[in-house]
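*Asks:*
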Amino acid sequence: MFYRDVRDYDMRFHPGNLSVRFKLILGFVMMLLTTLAIAAISGFSLNQVLGSADRQERAASIDLLFGKARQLEKDYLLQHDSALLTQANTTVAQARELAGRLRPELHDAADLARLERLQDSAEAYQRELEQLAALGQQSTDLLFSLNQLGFAAQQRAEYLSGGEPAYMSWLVRLTGIRLIQREYAISGDASQAELLAGRLKGLMLTLESRLRLGEDADVREFYQLLQRFDQQQQEYVALTRALADLEARIDELASTIADSSAALVASQKQNMEAVSQWSGSLILLVTVAALVMGALFAWLITQGIVNPLKVLMAQADRIAGGDLTQDVSHERKDELGRLMDSMQTMTRNLRALVGELNNNSGHIASSAQTLSAMSEQGRHDTNQQRLELEQVSTAMNEMAATVQEVARHAEAAFGAAQAADTDAGAGNTRVTQTTERITSLAEEVRRSLAVIQQLESESLNIGGILDVIKGVAEQTNLLALNAAIEAARAGEHGRGFAVVADEVRALASRTQQATSQIEAMIQGLQGKARESVTLMDHSAAMAEDTVATAFETGNAIQAMARAVSHIQQMNSQIATAAEQQSSVAEEINRSVFSIRELAEHSAAASDEAAGNSARLAGLGNELQQLVGRFRLPA
Numbered sequence: 001m002f003y004r005d006v007r008d009y010d011m012r013f014h015p016g017n018l019s020v021r022f023k024l025i026l027g028f029v030m031m032l033l034t035t036l037a038i039a040a041i042s043g044f045s046l047n048q049v050l051g052s053a054d055r056q057e058r059a060a061s062i063d064l065l066f067g068k069a070r071q072l073e074k075d076y077l078l079q080h081d082s083a084l085l086t087q088a089n090t091t092v093a094q095a096r097e098l099a100g101r102l103r104p105e106l107h108d109a110a111d112l113a114r115l116e117r118l119q120d121s122a123e124a125y126q127r128e129l130e131q132l133a134a135l136g137q138q139s140t141d142l143l144f145s146l147n148q149l150g151f152a153a154q155q156r157a158e159y160l161s162g163g164e165p166a167y168m169s170w171l172v173r174l175t176g177i178r179l180i181q182r183e184y185a186i187s188g189d190a191s192q193a194e195l196l197a198g199r200l201k202g203l204m205l206t207l208e209s210r211l212r213l214g215e216d217a218d219v220r221e222f223y224q225l226l227q228r229f230d231q232q233q234q235e236y237v238a239l240t241r242a243l244a245d246l247e248a249r250i251d252e253l254a255s256t257i258a259d260s261s262a263a264l265v266a267s268q269k270q271n272m273e274a275v276s277q278w279s280g281s282l283i284l285l286v287t288v289a290a291l292v293m294g295a296l297f298a299w300l301i302t303q304g305i306v307n308p309l310k311v312l313m314a315q316a317d318r319i320a321g322g323d324l325t326q327d328v329s330h331e332r333k334d335e336l337g338r339l340m341d342s343m344q345t346m347t348r349n350l351r352a353l354v355g356e357l358n359n360n361s362g363h364i365a366s367s368a369q370t371l372s373a374m375s376e377q378g379r380h381d382t383n384q385q386r387l388e389l390e391q392v393s394t395a396m397n398e399m400a401a402t403v404q405e406v407a408r409h410a411e412a413a414f415g416a417a418q419a420a421d422t423d424a425g426a427g428n429t430r431v432t433q434t435t436e437r438i439t440s441l442a443e444e445v446r447r448s449l450a451v452i453q454q455l456e457s458e459s460l461n462i463g464g465i466l467d468v469i470k471g472v473a474e475q476t477n478l479l480a481l482n483a484a485i486e487a488a489r490a491g492e493h494g495r496g497f498a499v500v501a502d503e504v505r506a507l508a509s510r511t512q513q514a515t516s517q518i519e520a521m522i523q524g525l526q527g528k529a530r531e532s533v534t535l536m537d538h539s540a541a542m543a544e545d546t547v548a549t550a551f552e553t554g555n556a557i558q559a560m561a562r563a564v565s566h567i568q569q570m571n572s573q574i575a576t577a578a579e580q581q582s583s584v585a586e587e588i589n590r591s592v593f594s595i596r597e598l599a600e601h602s603a604a605a606s607d608e609a610a611g612n613s614a615r616l617a618g619l620g621n622e623l624q625q626l627v628g629r630f631r632l633p634a
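Quick note: the sequence shown, position 232, residue 232 per UniProt numbering, numbers continuous.
In structure tokens, the structure reads:
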């Protein structure tokens, strides 16, 4: 009894009886636990590293702030700007505040000692900076006063040098003293201070010697200015030495601060490196442990899942190969066991299904072959009908195209006839205008002919008048000749008459010559007039012929316009009839096209039915072949 209870307990918790869900959850839980452990350790290590890095950064910031304060102090010594010292004090205060916040986070005694030394030195450094500011301000004020005294003394020396040339050397010596004083103010060299004191003392001794010779108010005032200058110069030298001592103390404090901050930064860097190394080692150790545990659980879970899957895959391969003779046997209670049961049930169902398919596939194949033959005959008839409809559609398309072409030509002829009618009307108008102008031209030619004939008759009259003038000239010439003869006979008494007779005869001679020339011109004019009369007669005849021809052309154009108008009406009727015929042809073509589409759809349906029948027959055969691949138990 006890043995059976123990056996039942062992079988309940046997790995094969644990569910896949439980196994996967167990594996993922272990993975999550190791991940959480790594994350916790990594977070702790990162926190330590970040804390160490933060402390190092603060130490470095303290070092940088003191370096900045030191630079501001150096800038002040060069520029003597009190704002720079104020910034330096503020920077040191920031560094001290940062060091105060860093102190609670330090646990190493050496680091605490370094920080304590740094804070003490920083406090002393601030005090020295305050003293440096005070001494610097005094030095600036004293140097300003020295410059004013030097300038006043130089003005007095210039005044004295104008009164007596021997005083010019005082001005030169004072100028040299002021230059040395300026160099000393810049460099702070003690040798320059000694040289300045010696030359100033020599100039004052010279002035004392001059005053012992006799009192002079201007020289006395110059001497008093030099005394005050000497006193303030001694104060300035003492102040400069005090500043030098102060700068030495500041340099020592700055060196101490720099050493302490550098040591603190180096110590924090070492701490950070140590923490980083320790964290890396710890993370590596935990990671290796997690990998080992993960690999172990993965192997256990894989063995609990893969082996049953191999059995299932082998059974699936047998079923895929058509072997339905084998059964799956097991004792598992998990999901894979239920999957094996389902596989066994599927095998039994497939056996029954394959047997039924084997019986029905033969009937399907024979029916599909009969349907395929009927579909093939229907497809042949539909294709024949489609071909005939395509021929009818082609003929209707050609007829519609021809009718449309006739309609286009009729419309073109109508347009051309309309244009010809318009052109004929315009031509008739132009011919009428031309006829009117030619008629006017003929009238003008007739009037010109009458004028030229009148000119010819007038020229004949002028010829008669010229004959009379010529006769008169000849008679005058004869009379003048007779008068000359009579004057010659009269002798001395007829000399005056002879002169008159000569003049008259000369005039008669010139008149005959002019008359001859005019006669020649009149004859030429008469010849041209006769030619003009002949030409004008010919032009008048041609104008009359042209008028007759123009009338005939106008009548012909009018007849052509009437014919074109008749053609235009006929073309309009033809175009209208062609358009109606084209519309009817297009309607018939659309009907034929619709019938052809229906025939094509029917042919496509027949083709598809034939194809489906053929495919159905093929599928029946394939089904028989596929069913034949399965092996059933005897």
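For every residue, glycine included, the Cβ atom is placed at its ideal position computed from N, Cα and C.
Could you say which of Ser-572, Ser-187, Ala-520 and Ala-604 lies nearest to His-380 if we only look at CA atoms?
*Replies:* Of the listed residues, the one whose Cα sits closest to His-380 is Ala-604.
*Asks:* Roughly how many whole angstroms lie between the Cα atoms of Met-168 and Ser-161?
*Replies:* Each residue's Cα considered, the two are about 5 Å apart.
*Asks:* Grouping DSSP H, G and I as helix and E and B as strand, with all else coil, what is Glu-215?
*Replies:* Here Glu-215 sits in coil by DSSP.
*Asks:* Specify, as a first and last residue, the run of the alpha helix (DSSP H) that Gly-491 falls within.
*Replies:* Taken as a continuous stretch (DSSP letters only), Gly-491 belongs to no alpha helix (DSSP H), as it is neither H nor E.
*Asks:* With a Cβ-Cβ cutoff of 8 Å, do Leu-112 and Leu-85 count as a contact?
*Replies:* Not closer than 8 Å, so no.
*Asks:* Pull up the distance between the alpha-carbon of Gly-618 and that of Gly-355, whole angstroms please.
*Replies:* The straight-line gap from Cα to Cα measures roughly 20 Å.
*Asks:* Would you grab the beta carbon distance between Leu-174 and Gln-154 for me? Rounded to a whole angstrom, and I think it's under 8 Å.
*Replies:* Right, the Cβ-Cβ distance comes to about 6 Å (below 8 Å), so this counts as a contact.
*Asks:* Residues in its own chain within less than 8 Å of Gln-512 by CB, not counting five upstream and five downstream?
*Replies:* These residues qualify, in order along the chain: Lys-470, Ala-473, Glu-474 and Asn-477.
*Asks:* Thr-240: buried (16+ other C-beta within 10 angstroms of its C-beta) or exposed?
*Replies:* By the 10 Å Cβ count, Thr-240 comes out buried.
*Asks:* Got a sec, what are the start and stop residues for the alpha helix (DSSP H) Arg-103 sits in?
*Replies:* No alpha helix (DSSP H) contains Arg-103, which DSSP labels as neither H nor E.
*Asks:* Suppose you measure from the CA of Gln-530 to the CA of Arg-446; what does that come to, to the nearest Å?
*Replies:* In the sequence under discussion, the amino acid at residue 530 is Arg, which differs from the Gln named in the question. Straight-line Cα distance between these residues: approximately 15 Å.
*Asks:* Excluding the five sequence neighbours on either side, which residues of its own chain have a C-beta within less than 8 Å of the C-beta of Leu-98, listed in chain order?
*Replies:* Same-chain partners within the cutoff: Arg-58, Ser-61, Ile-62 and Leu-65.
*Asks:* Using 8 Å as the threshold, is the C-beta distance between residue 636 and Arg-103 below it?
*Replies:* In this structure the chain extends from 1 to 634, so residue 636 is not present and cannot be described.
*Asks:* Within 8 Å, do at least three Cβ pairs link the region 238 to 255 to the region 203 to 215?
*Replies:* In short, these stretches do not touch, since the Cβ pair count stays below three.
*Asks:* Using C-beta distances below 8 Å, list every residue in its chain close to Asp-81, excluding the 5 sequence neighbours before and after it, in chain order.
*Replies:* Cβ within range, chain order: Asp-75.
*Asks:* Output needed for Val-504: all residues of its chain with C-beta closer than 6 Å, excluding positions within five of it in sequence on either side, in chain order.
*Replies:* Once the five neighbours on either side are set aside, the close Cβ partners of Val-504 are Ala-480.
*Asks:* Is Leu-143 closer than 8 Å to Gln-233 when the C-beta atoms are compared?
*Replies:* No, these two residues do not count as a Cβ contact at 8 Å.
*Asks:* Quick check on DSSP: helix, strand or coil for Gly-355?
*Replies:* Helix at Gly-355.
*Asks:* Which residues in the same chain as Thr-256 place their Cβ atom closer than 6 Å to its Cβ, once the five residues preceding and following it in sequence are excluded?
*Replies:* Cβ neighbours of Thr-256 beyond the five flanking positions: Ser-121.
*Asks:* Distance check for Gly-294 and Gly-321, CA to CA, integer angstroms please.
*Replies:* The straight-line gap from Cα to Cα measures roughly 38 Å.
*Asks:* Quick one: grab the DSSP three-state call for Ser-329.
*Replies:* Here Ser-329 sits in coil by DSSP.
*Asks:* Helix or strand or just coil, what does DSSP make of Gly-188?
*Replies:* Coil.
*Asks:* Can you tell me the Cα-Cα spacing of Asp-141 and Glu-73, whole angstroms?
*Replies:* Rounded to whole angstroms, Asp-141 to Glu-73 spans 19 Å at the Cα level.
*Asks:* May I have the straight-line CA-CA distance separating Thr-576 from Asn-383, to the nearest angstrom?
*Replies:* Taking the straight line joining both Cα atoms gives about 39 Å.
*Asks:* By how many angstroms is the C-alpha of Glu-544 removed from the C-alpha of Asp-537?
*Replies:* Looking at the two C-alpha atoms, the distance is approximately 11 Å.
*Asks:* In chain order, what residues of the same chain lie with their CB nearer than 7 Å to the CB of Gln-138, ignoring the 5 residues before and after it?
*Replies:* Only Leu-239 meet the Cβ criterion.
*Asks:* Which residues in the same chain as Val-92 place their Cβ atom closer than 8 Å to its Cβ, once the five residues preceding and following it in sequence are excluded?
*Replies:* Same-chain partners within the cutoff: Leu-65, Phe-66, Ala-69, Ala-122, Tyr-125, Gln-126 and Leu-129.
*Asks:* What distance in whole Å lies between the Cβ atoms of Met-340 and Val-311, which are believed to be in contact at a cut-off of 8 Å?
*Replies:* With 8 Å as the limit, Val-311 and Met-340 qualify as a contact, their Cβ atoms being about 7 Å apart.
*Asks:* In whole angstroms, what separates the C-alpha of Gln-181 from that of Ala-193?
*Replies:* So the two alpha carbons sit approximately 7 Å from each other.
*Asks:* From Arg-156 to Asp-218, what distance separates their C-alpha atoms?
*Replies:* In a straight line, the C-alpha of Arg-156 is about 8 Å away from that of Asp-218.
*Asks:* By the 10 Å Cβ neighbour count, where 16 or more other Cβ atoms means buried, how is Ser-267 classified, buried or exposed?
*Replies:* Buried, because 16 or more other Cβ atoms sit within 10 Å of the Cβ of Ser-267.
*Asks:* How about Leu-149 and Leu-225: are their beta carbons less than 8 Å apart?
*Replies:* Closer than 8 Å, so yes.
*Asks:* Please confirm if Arg-447 has its CB atom under 8 Å from at least one CB of chain B.
*Replies:* Among the protein chains of the structure shown there is no chain B, as only one such chain exists.
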